[in-house]
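To start, the structure under review is shown below, and the notes come after it.
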Amino acid sequence: MAAAPSSNSAPVILVFGDSLSAGYGIPRESGWVSLLQQRLQQRGLPHRVVNASISGETTSGGLSRIAEAVRSHQPSLVLVELGANDGLRGLPVEQMQQNLNKIIATNEAAKARTILIGMMIPPNYGPRYTQSFNGSFRELAEAHKLPLVPFLLEGVAGNASLNQDDGLHPRAEAQERLLDNVWKVLAPALKIAP
């Protein structure tokens with residue numbers, strides 16, 4: 016396999032997420048972020064993917080890290096995949112949205128475009144919280160006119176054969192599907208054919 020582009024002039028795609036992007040429970044090279052670098056290389060694209068995802072990260076944790084991440088990596092594009100842990104902990108949706116707003120604003124100030132990666136939580140959190148949480152990503156994307164991946168786990172969530180025993184984290188076999196979900200939105204943002 017070819018090495019990732021090392022040129023300092025290569026545009027950087029920063030993936031800023033939680034365990035779903037950090038590759039929890041699977042070899043890091045099997046995760047969708049590593050597969051993204053491979054797909055870009057296979058298509059002859061110069062982009063360098065930097066994975067700044069941390070398992071267990073919430074939007075408040077991400078907010079505390081984003082300024083340093085964009086300063087040190089100088090990305091042209093940031094894929095923000097945060098919020099799942101806020102939802103699992105039942106944190107206020109308004110707080111999550113405020114944190115994501117500030118993360119997006121930090122990216123904009125650094126001249127980096129943002130793609131927002133949406134998440135959904137199961138209905139056992141109650142209809143009001145679930146609907147508010149699930150709709151918050153579309154609201155943010157519309158407010159900021161951002162591309163949105165509606166649901167990272169589309170086609171994977173709820174499928175026991177594609178998830179680890181905890182029922183939350185996708186297996187290695189599911190990572191290509193996660194990448195496909197992201198690619199549908201990323202490819203047009205990079206102005207390449209899906």
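Mapping of the sequence shown onto the numbering used here: residues 16 to 209, in sequence order.
Cβ coordinates follow ideal geometry from the N, Cα and C atoms, glycine included.
Predicted model, so just to flag it, every value in this text is computed and none were measured.
Rounding to the nearest angstrom, what Cα-Cα distance links residue 111 and residue 130 in this structure? Roughly 16 Å between the two C-alpha positions.
Locate the alpha helix (DSSP H) running through residue 222, then write down its first and last residues. Residue 222 lies beyond the range of the chain shown here (16 to 209); nothing can be said about it.
Neighbourhood of residue 89 by C-beta, 7 Å cutoff - its chain only, sequence neighbours within 5 removed: Once the five neighbours on either side are set aside, the close Cβ partners of residue 89 are 27.
Which residues share a DSSP beta bridge with residue 96? Its beta-bridge partners are 32.
Mind checking residue 42: buried by the 16 CB within 10 Å criterion, or exposed? Exposed, because fewer than 16 other Cβ atoms sit within 10 Å of the Cβ of residue 42.
For the 8 Å Cβ check, are there 3 or more pairs between the segment 174–183 and the segment 104–121? Touching, no, given that fewer than three Cβ pairs across the two stretches are closer than 8 Å.
With a CB to CB cut of under 6 Å and the five nearest residues on each side skipped, what residues in its chain are close to residue 60? Exclusion of the five residues before and after residue 60 leaves no residue of its chain whose Cβ lies closer than 6 Å to its Cβ.
Given a cut-off of 8 Å, decide if residue 68 and residue 98 are closer than it, judged by their beta-carbon atoms. No, they are not a contact pair.
To the nearest angstrom, how far is it from the Cα of residue 174 to the Cα of residue 80? Cα atoms of residue 174 and residue 80: separation of roughly 33 Å, rounded to the nearest angstrom.
Between the segment 123–140 and the segment 157–165, can you find at least three pairs of beta-carbon atoms closer than 8 Å? The segment 157–165 vs the segment 123–140: in contact.
Please list the segments of the beta strand (DSSP E) lying wholly inside the segment 123–152, counting only runs of 3 or more residues, in order along the chain. You should have 128–132.
Can you tell me where the alpha helix (DSSP H) with residue 54 in it begins and where it stops? 47–57 is the extent of the alpha helix (DSSP H) around residue 54.
Roughly how many angstroms separate the alpha carbons of residue 203 and residue 96, rounded to a whole number? Spanning the two alpha carbons is a distance of roughly 18 Å.
Who are residue 66's beta bridge partners in DSSP? Its beta-bridge partners are 30.
Name the two residues that bound the continuous alpha helix (DSSP H) containing residue 85. Counted as a single uninterrupted DSSP element, the alpha helix (DSSP H) harbouring residue 85 occupies residues 74–88.
Tell whether a beta-carbon distance below 8 Å holds between residue 54 and residue 168. No. Outside cutoff.
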